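Residue numbers (UniProt numbering): 1 to 218.
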Amino acid sequence: MSALRKLAKRLGIIAGLSGVGAAFLLEAVPKINEARRTKALLSRPKPNAAEVERFQKPLPTRAENLERMSSGHIFDVLVIGGGATGAGIAVDAASRGLSTCLVERLDFASGTSSRSTKLIHGGVRYLQKAVFNLDLEQFRMVNEALSERANLIDIAPHLAYPLPIMLPVYNLTALGFFHPIWASANFKEAYPVTCVTHPGTSATTVCGARVGDSGFPS
Numbered sequence: 001m002s003a004l005r006k007l008a009k010r011l012g013i014i015a016g017l018s019g020v021g022a023a024f025l026l027e028a029v030p031k032i033n034e035a036r037r038t039k040a041l042l043s044r045p046k047p048n049a050a051e052v053e054r055f056q057k058p059l060p061t062r063a064e065n066l067e068r069m070s071s072g073h074i075f076d077v078l079v080i081g082g083g084a085t086g087a088g089i090a091v092d093a094a095s096r097g098l099s100t101c102l103v104e105r106l107d108f109a110s111g112t113s114s115r116s117t118k119l120i121h122g123g124v125r126y127l128q129k130a131v132f133n134l135d136l137e138q139f140r141m142v143n144e145a146l147s148e149r150a151n152l153i154d155i156a157p158h159l160a161y162p163l164p165i166m167l168p169v170y171n172l173t174a175l176g177f178f179h180p181i182w183a184s185a186n187f188k189e190a191y192p193v194t195c196v197t198h199p200g201t202s203a204t205t206v207c208g209a210r211v212g213d214s215g216f217p218s
């Protein structure tokens with residue numbers, strides 16, 4: 001009997017530590033990253049006169065770009081494909097001062113990129129795998145995705161902005177797992193909002209809702 005009690009005690013300690021670790025990953029790590037990002041933005045030097053003048057110049061027209069491409073000009077980088085990945089590579093290369101040429105067979109973002117959700121998400125599915133499978137690589141992937149999403153919203157607020165998304169929760173344990181503080185304080189308040197948003201739900205199934213921000217392109 002004493003052996004079973006010891007085993008139960010150990011399992012309880014492990015479960016408690018796992019819960020604390022999950023809460024730390026979900027609550028503390030994003031706030032630490034946000035503080036680091038804010039510090040980096042505040043310490044960034046102001047643009048010099050040459051950089052300001054560069055961005056004040058009018059953008060070249062399509063005809064001017066085609067003429068430059070067909071005139072034998074040598075570019076530092078050639079990107080083939082004008083989807084989300086190709087456009088991102090071109091922007092990154094151009095922001096580093098590289099002479100960049102991007103070509104697309106049809107129209108920009110006319111292929112796979114045109115059929116996306118248009119949401120700049122942070123990889124919630126990978127976070128689930130990271131926590132339940134104790135996969136550190138999946139967590140690093142989520143951390144990188146969240147960081148890049150925050151960077152995009154910071155540097156291009158005219159193109160992307162946070163979009164709150166509320167999802168109904170049918171299990172109180174799931175509500176507590178994703179946001180312990182919010183679950184204990186506000187889940188009752190969120191319940192009637194969920195019923196209005198989803199009229200087909202019943203009081204016996206919905207126990208609350210969780211809200212998260214995704215990046216949404218304007």
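All C-beta atoms in this analysis are idealised placements derived from N, C-alpha and C, irrespective of residue type, glycine included.
Fair warning: this is a prediction, and the values are worked out from it, not measured in the lab.
Assigned secondary structure, residue i (DSSP; H/G/I helix, E/B strand, else coil)
i: residue 170; result: coil
i: residue 134; result: coil
i: residue 159; result: coil
Among the options, the one whose alpha carbon lies nearest that of residue i
i: residue 49; options: 152, 57, 208; result: 57
i: residue 126; options: 5, 117, 137; result: 137
i: residue 119; options: 44, 141, 94, 164; result: 164
i: residue 97; options: 107, 54, 61, 150; result: 54
i: residue 116; options: 92, 94, 85, 128; result: 85
i: residue 154; options: 13, 42, 87, 71; result: 42
i: residue 35; options: 147, 47, 162; result: 147
i: residue 121; options: 112, 141, 106, 132; result: 141
i: residue 94; options: 106, 78, 107; result: 78
i: residue 88; options: 156, 66, 65, 44; result: 156
Anticipated Cβ contact below 8 Å, residue i with residue j, distance rounded
i: residue 100; j: residue 135; result: Not confirmed; about 36 Å, so no contact.
i: residue 80; j: residue 52; result: Actually they are not in contact, since the Cβ atoms of residue 80 and residue 52 sit about 32 Å apart, beyond 8 Å.
i: residue 160; j: residue 152; result: 5 Å
Test item: CB-CB of residue i and residue j under 7 Å
i: residue 130; j: residue 139; result: yes
i: residue 109; j: residue 83; result: yes
i: residue 169; j: residue 123; result: no
Entirely within the region 44 to 110 and at least 3 residues each: give me those beta strand (DSSP E) ranges in chain order. 77 to 80, 100 to 103
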